[in-house]
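Undergrad: Sharing a structure, written as structure tokens. Questions coming.
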Amino acid sequence: MEALDKVRETEVWKSVFRPGSIFRKGYKDTQRDRALAMMNNVLYHLHPVKIKRHGLKLTYTFCLGGLSFFLFALLTVTGIYLMFFYRPSADIGGAQAYSDMLTIRNTVFFGDLVRNIHRWSAHLMVFTVALHMARVFYTGAYKPPREFNWVVGVILLFLTLGLSFTGYLLPWDQLSIWAVTVGTNLAGYSPLIASQVRFLLLGGLEVGPATLLRWYVLHVLALPFVLVLFLAVHFWRIRKDGGISGPL
Amino acid sequence: MATREETPLDQEVLDKTLQAELAKGTDRRVAEGRARAAGVRAYRKMHGEPEREAKAPAEREHAAAAAAGGDGGGNGGTAAAAAAAMAAPGATVAYAPPPAAAVRTAPAPTGRAPSAKPGAPDKHRLLALVAPEGVQRVEREQGDRINVFPHLLIEEFVALLVVLAVVIVFSTFVQAPLRELANPNLTPNPSKAPWYFLGLQELLRYFHPMIAGVIVPTLILVGLMAVPYVDRNPSNKPGDRKLAITLFTMLFMFGATLTISGSFFRGPGFNWVWPWSQGIFFEL
């Protein structure tokens, strides 16, 4: 204990934790320390010190928004791990992407589990985001002053679909290229821009190596970047608009 | 910091009001406040608005000139008030009580922007004055409030752990699909889109591709975004929102039905199958 106190006195420790942090002086369960615990915490970006009591009610939000965000974080972590072992190349004769998938499954340390987590939580995230939207509708939480945050939420829903769909192609197996072929054919019927949009999406006339590289970049970099920007606005607006809505 | 300039007031009225209020049994602090307000009002009634009006026009010109000629100068002073403050450094600005008129609009730059008090350290500069009307204010009722730490954080943490546990256990026992190497020349039968697009693929069976592939998705996107601007009903009570809830539920169920039908009831050639007799042609 004494050693710990000594560490707390060091300049380094003090530079890490702000004055008033519970890691500086220890935590006493008082109103003051409960407030300080939030105010000196990076989570202060997400949560205020106090919220309406009804905000705790599980059957109001079902935690769906928070869980979607958690799944996004989980997908980021598992996705980074998978990136170490995956090359988005599908040249004729040597489809690295597919052989890397086999390596991840069979030889990479925990590769199989991490890949399963990545895939299942991706499906789950699409599901929770959709349910989150339904919850927000049924509680009327899009009403003033939260109209614009609903619009941001719809954009986030479509970005989530985009992330899921671009990731779907990456294993480069029969399931993925044909699902993507069918999916992009759906978008290929627009009268004027049909073939141009499809060409732009696929990097060619049909799903091929160019598509794989293109969708890989979208999946690991472009779409997550845009999604995080909108997430920041989404969270910021929740607080600016007065916390979660309700009670009913 | 520096003391505020005393607002001139009518001492006589103040004393009189104070006595009257105290006689009524008002709390002393409240009585003093009311008496003071009455004194200031009485003074203004007699003397009109103090000095400010006489001084304003000259300074206003000054501020306008500064605002017009100001190129920001790296000071970020886009607000006219800031320009005014910079244009007249060191000028003492008398504290002027707000006009008695009840119109509350965002004040135009008057040239009366306060500058640093004489003698104050030259560290801070006023950039802009933001009228309360310029800030979106949220009515926050003093209600039953609880600390986020620990109550909300614990709840969120438990929810996170539960989902993490479920995902890990599920991923341990259920393999994600990986079929044979992609082959552009060999179309599997059936070929299905990812599950969230299967509603649209199902729709493609009944409608022209233009409708199922372009018009419906566009309507969904635009329609969803327009929801808060179309539904102007201010209530969030389910009883007051029967139409909105009915419409949304119907659309949501419609989408879910199409998705389920496209996922489990479509087999080779995307033809109808009964999953319990012919099997399920669906992969995540």
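Residue numbers (the numbering used here), protein chains in the order written: chain A, 50 to 297; chain B, 274 to 557. The C-beta atom is built at its ideal place from N, Cα and C for all residues, glycine as well. In this text the structure is predicted, and so the values were computed from the model without any measurement.
1) For R136/A and D417/B, I'd like the C-alpha separation in whole angstroms.
2) Would DSSP call N458/B helix, strand or coil?
3) Where does A357/B fall in DSSP's three states?
4) Consult DSSP for D513/B and reduce its assignment to one of helix, strand or coil.
5) Report the neighbours of P507/B on chain A: residues whose CB is nearer than 7 Å to its CB, in chain order.
6) If you run the structure through DSSP and keep just helix, strand and coil, what is W227/A?
7) Quick check on DSSP: helix, strand or coil for D283/B?
8) Three Cβ pairs or more, each shorter than 8 Å: is that satisfied between the segment 226-234 of chain A and the segment 459-474 of chain B?
9) May I have a chain-ordered list of the alpha helix (DSSP H) segments no shorter than 4 residues that lie completely inside the segment 152-186 of chain A?
10) How many angstroms separate the CA atom of G552/B from the CA atom of S534/B?
11) Would you check if the segment 276-296 of chain B and the segment 204-218 of chain A touch, i.e. whether three or more CB-CB distances between them fall below 8 Å?
12) Using only the alpha-carbon positions, how far apart do G115/A and E429/B sit?
13) Check the C-beta distance from L151/A over to A179/A and give it rounded, since I have them as a contact under 8 Å.
14) Should P273/A be flagged as near chain B, meaning a C-beta pair shorter than 9 Å?
15) Quick check: the Cα distance between G21/A and Q292/B, rounded to an integer number of angstroms?
16) Count the other CB atoms within 10 Å of the CB of N155/A; is the residue buried (16 or more) or exposed (fewer)?
17) Which residue wins for smallest C-alpha separation from G542/B, given the options P423/B, H320/B and R478/B?
18) Relative to the C-alpha of K99/A, which residue among H424/B, L399/B and T290/B is closest?
19) Can you list the residues of chain B that S70/A reaches, using a CB-CB cut of under 9 Å?
20) Chain A beta carbons: is any one of them nearer than 9 Å to that of M498/B?
21) Starting from the C-beta of R309/B, find all residues in its chain whose C-beta is less than 8 Å away, skip the five residues before and the five after it, and write them out in chain order.
22) Which residues of the segment 437-464 of chain B have a Cβ closer than 8 Å to any Cβ of chain A? Give them in chain order.
23) Express the C-alpha separation of V163/A and V440/B in angstroms, rounding to a whole number.
24) Examine chain B for any beta-carbon lying closer than 9 Å to the beta-carbon of Q245/A, and answer yes or no.
25) Give the interface partners of D417/B over in chain A, defined as CB-CB distance under 9 Å, in chain order.
26) Taking a contact to mean a Cβ-Cβ separation below 9 Å, would you say A144/A touches W221/A in this structure?
27) On the three-state DSSP scale, how would you describe I419/B?
28) So I100/A is in the beta strand (DSSP E); what residue range does that whole segment cover?
29) One question on the structure: do S294/A and G189/A come within less than 9 Å of each other, judged by their Cβ atoms?
30) Compute the distance between the beta-carbons of A236/A and G528/B, then report whether it is under 9 Å.
31) Identify whether V366/B lies in helix, strand or coil by the three-state DSSP scheme.
32) CB E255/A to CB P457/B, shorter than 9 Å?
33) Quick one: does W468/B have its CB under 9 Å from some CB of chain A?
34) Under DSSP, the alpha helix (DSSP H) around R286/A begins and ends at which residues?
35) Just curious, the alpha helix (DSSP H) that I129/A is in, first and last residue?
36) Tell me whether E51/A is buried or exposed, calling it buried when 16 or more other Cβ atoms sit within 10 Å of its Cβ.
TA: With the given structure in hand:
1) As a first step, residue 136/A must be located in the first sequence, where it is residue number 87. As a first step, residue 417/B must be located in the second sequence, where it is residue number 144. If I take the Cα positions, the gap works out to 54 Å.
2) Here residue 458/B corresponds to residue number 185 of the second sequence, with the count starting at 1. If DSSP states are grouped into helix, strand and coil, N458/B belongs with coil.
3) Reading the second sequence from its first residue, position 84 is the one you call residue 357/B. With a pLDDT of 42 at A357/B, under the threshold of 50, the predicted position of this residue should be treated as unreliable, and no value is reported.
4) Taking the second sequence and counting its residues from 1, one reaches residue 513/B at position 240. Three-state result, D513/B: helix.
5) Stepping through the second sequence from its first residue, residue 507/B is reached at position 234. Correct list: K192.
6) Taking the first sequence and counting its residues from 1, the one referred to as residue 227/A is at position 178. Note: W227/A maps to helix in three-state DSSP.
7) On the second sequence, position 10 is the one that residue 283/B refers to. Here D283/B sits in coil by DSSP.
8) yes
9) none
10) By one-based count along the second sequence, residue 552/B stands at place 279. By one-based count along the second sequence, residue 534/B stands at place 261. Near 13 Å, if we compare the C-alpha coordinates of S534/B and G552/B.
11) no
12) Position 66 of the first sequence, counted from the first residue, corresponds to residue 115/A. Position 156 of the second sequence, counted from the first residue, corresponds to residue 429/B. Approximately 7 Å, taken between the alpha carbons.
13) As a working note, residue 151/A is residue 102 in the first sequence. As a working note, residue 179/A is residue 130 in the first sequence. The pair is not a contact, with the Cβ atoms about 32 Å apart (cut-off 8 Å).
14) Mapped onto the first sequence, residue 273/A falls at position 224. Answer no: the Cβ-Cβ gap between P273/A and chain B never drops below 9 Å.
15) A question about residue 21/A goes unanswered here, because the residues of chain A that appear run from 50 up to 297.
16) The sequence position of residue 155/A within the first sequence is 106, counting from 1. Classification for N155/A: exposed.
17) Residue mapping note: residue 542/B aligns to position 269 of the second sequence, counting from 1. Answer by Cα proximity: R478/B.
18) Translated into positions along the first sequence, residue 99/A becomes position 50. Out of H424/B, L399/B and T290/B, H424/B has the C-alpha closest to the C-alpha of K99/A.
19) The residue labelled residue 70/A in the question sits at position 21 within the first sequence. Those within 9 Å of S70/A in chain B number zero; the least Cβ separation is about 12 Å.
20) The count along the second sequence starts at 1 and reaches residue 498/B at position 225. So yes, M498/B belongs to the interface.
21) For the purposes of this step, residue 309/B is taken as residue 36 along the second sequence, with counting starting at 1. Within the same chain, R309/B has close Cβ partners L282 and L287.
22) L437, V440, I441, F443, S444, T445, V447, Q448, A449, P450, L451, R452, E453, L454, A455, N456, P457, L459, T460, P461 and S464
23) Walking along the second sequence from the start, residue 440/B turns up at place 167. Walking along the first sequence from the start, residue 163/A turns up at place 114. Each residue's Cα considered, the two are about 11 Å apart.
24) The residue you call residue 245/A lines up with position 196 of the first sequence. No, no contact with chain B.
25) Within the second sequence, the letter at position 144 stands for residue 417/B. Here the neighbours are K101, R102 and H103.
26) Within the first sequence, residue 144/A is the residue found at index 95, counting from 1. Within the first sequence, residue 221/A is the residue found at index 172, counting from 1. It is a contact, given that the beta carbons lie within the stated cut-off.
27) Within the second sequence, numbered from 1, the residue matching residue 419/B stands at position 146. Strand, per DSSP.
28) On the first sequence, residue 100/A is found 51 positions in, with the first residue counted as 1. Taken as a continuous stretch (DSSP letters only), the beta strand (DSSP E) holding I100/A covers K99 to K101.
29) For this step, residue 294/A is matched to residue 245 along the first sequence. For this step, residue 189/A is matched to residue 140 along the first sequence. Yes; because the gap between Cβ atoms is below 9 Å, this pair is in contact.
30) Along the first sequence, read from residue 1 onward, the residue named residue 236/A stands at position 187. Along the second sequence, read from residue 1 onward, the residue named residue 528/B stands at position 255. No, these two residues do not count as a Cβ contact at 9 Å.
31) What you label residue 366/B is simply residue 93 of the second sequence in a count that begins at 1. With a pLDDT of only 45 at V366/B, under 50, the local geometry of the prediction cannot be trusted, and no value is derived from it.
32) Looking up residue 255/A in the first sequence gives position 206. Looking up residue 457/B in the second sequence gives position 184. For E255/A and P457/B, yes; Cβs fall inside 9 Å.
33) Here residue 468/B refers to the residue found at position 195 of the second sequence. With 9 Å as the cut-off, W468/B counts as an interface residue toward chain A.
34) By one-based count along the first sequence, residue 286/A stands at place 237. Unbroken alpha helix (DSSP H) run through R286/A: L272 to K289.
35) Locating residue 129/A in the first sequence gives position 80, where the first residue counts as 1. Counting along the chain, the alpha helix (DSSP H) containing I129/A begins and ends at L113 to M132.
36) Stepping through the first sequence from its first residue, residue 51/A is reached at position 2. Exposed, by the Cβ-count rule.
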